[in-house]
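A.B. asks:
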Amino acid sequence: MLKKILGSFAAVLCCVSFLYASKTYVLDTPTTGILSYGSYSADFRFFSYGNVISEINFGVFKPLDLGVSWELDKFIGDENIKAVVPALHVKLRLYGGSMTLPGFALGYDGQGTFISGDYDGGYVQRCKGLYFVTGREFFIEGLMFNLGINVNDFSKPKIYWFSNATVPLYKEFVSFMLEYDNVNYFPDARLNSGLRFSVTEYLDIDCIVRDCWGKKDAGRVPNERVIRISYLGKF
1277 MLKKILGSFA
1287 AVLCCVSFLY
1297 ASKTYVLDTP
1307 TTGILSYGSY
1317 SADFRFFSYG
1327 NVISEINFGV
1337 FKPLDLGVSW
1347 ELDKFIGDEN
1357 IKAVVPALHV
1367 KLRLYGGSMT
1377 LPGFALGYDG
1387 QGTFISGDYD
1397 GGYVQRCKGL
1407 YFVTGREFFI
1417 EGLMFNLGIN
1427 VNDFSKPKIY
1437 WFSNATVPLY
1447 KEFVSFMLEY
1457 DNVNYFPDAR
1467 LNSGLRFSVT
1477 EYLDIDCIVR
1487 DCWGKKDAGR
1497 VPNERVIRIS
1507 YLGKF
């Protein structure tokens, strides 16, 4: 009986290594990873003012993910809930990478943060929009770096760039995440950090601090504490 239990545990660890190797995002910025064919992910993000963003993505083809997300402002609490039209997500992995070359992905993310009628698209903090990202694993297993560019306003195009990293702290179960987002336009630039706890092979809990050491200003929430719960499944 003990041998069977240990064997099952070892099998689970192997599955964990595989599943956690292709995360599709770090904090606010994407990676080159996509969901495996026939799988799906469901994410719930809880942040300032009782707001919640729910998101579901599907691995519809081997190189392509499709998904949708929806923000509900003031969902937690006793104030009136505010919502906008759900946002679309698309990611196409152009190249998976090799021992010498990084991977490449092209995508669109329409989900902004903090609903407001003052901006086109209905968000105080704009969506990622159209993006291109490249990245690969460096030095040790699980140490991932990504670098990308994005455009989120097509009426007045402005190119931003972002970078992110995931650093394993304890095998596949605890990782440190760091990213620098909205670079090229300092008033919107954000340094974000967090810890990812992989509770099971299907369930992650992220503890995030957005806009670290940021300056309090319109449209910014410095040192914002965020909790995100992610579930990975298969059809």
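Quick note on the working numbering: the sequence shown kicks off at 1277 and runs consecutively.
All C-beta atoms in this analysis are idealised placements derived from N, C-alpha and C, irrespective of residue type, glycine included.
From a predicted model like this one, the values you see are computed outputs, not experimental measurements.
Terminal residues of the continuous beta strand (DSSP E) containing Ile1505?
C.D. replies: Position 229 of the sequence shown, counted from the first residue, corresponds to residue 1505. Note, Ile1505: beta strand (DSSP E), 1500 to 1510.
A.B. asks: Can you tell me whether DSSP reads Ser1345 as helix, strand or coil?
C.D. replies: For the purposes of this step, residue 1345 is taken as residue 69 along the sequence shown, with counting starting at 1. Strand, per DSSP.
A.B. asks: When the Cα atoms are used, what is the spatial distance from Cys1403 to Leu1340?
C.D. replies: Position 127 of the sequence shown, counted from the start, is the residue given in the question as residue 1403. Position 64 of the sequence shown, counted from the start, is the residue given in the question as residue 1340. C-alpha separation (whole angstroms): 20 Å.
A.B. asks: The beta strand (DSSP E) spanning Pro1444 covers which residue range?
C.D. replies: Here residue 1444 refers to the residue found at position 168 when the sequence shown is read from its first residue. Looking at the DSSP string, the run of the beta strand (DSSP E) that includes Pro1444 is 1435 to 1446.
A.B. asks: Could you have a look at Asp1482 and say whether DSSP puts it in helix, strand or coil?
C.D. replies: Position 206 of the sequence shown holds residue 1482. In the structure shown, Asp1482 sits in a strand (DSSP, three-state: E or B).
A.B. asks: Among residues of its own chain, excluding the 5 on either side of Pro1433, which ones have a beta-carbon nearer than 7 Å to its beta-carbon?
C.D. replies: Mapped onto the sequence shown, residue 1433 falls at position 157. Only Val1427 meet the Cβ criterion.
A.B. asks: Measuring only the C-alpha atoms, how far is Lys1510 from Val1336?
C.D. replies: If you number the sequence shown from 1, residue 1510 lands on position 234. If you number the sequence shown from 1, residue 1336 lands on position 60. One C-alpha to the other measures close to 11 Å.
A.B. asks: Is Leu1419 closer than 9 Å to Gly1411 when the C-beta atoms are compared?
C.D. replies: Here residue 1411 refers to the residue found at position 135 when the sequence shown is read from its first residue. Here residue 1419 refers to the residue found at position 143 when the sequence shown is read from its first residue. No, the pair does not count as a contact, with Cβ atoms beyond the cut-off.
A.B. asks: Below 8 Å on the Cβ atoms is my guess for Asp1457 versus Asn1468; work out the distance and round it to an integer in Å.
C.D. replies: Taking the sequence shown and counting its residues from 1, one reaches residue 1457 at position 181. Taking the sequence shown and counting its residues from 1, one reaches residue 1468 at position 192. Contact flag correct, Cβ pair sits at about 6 Å.
A.B. asks: What is the DSSP secondary structure of Ile1310, counted as helix, strand or coil?
C.D. replies: Within the sequence shown, residue 1310 is the residue found at index 34, counting from 1. Here Ile1310 sits in coil by DSSP.
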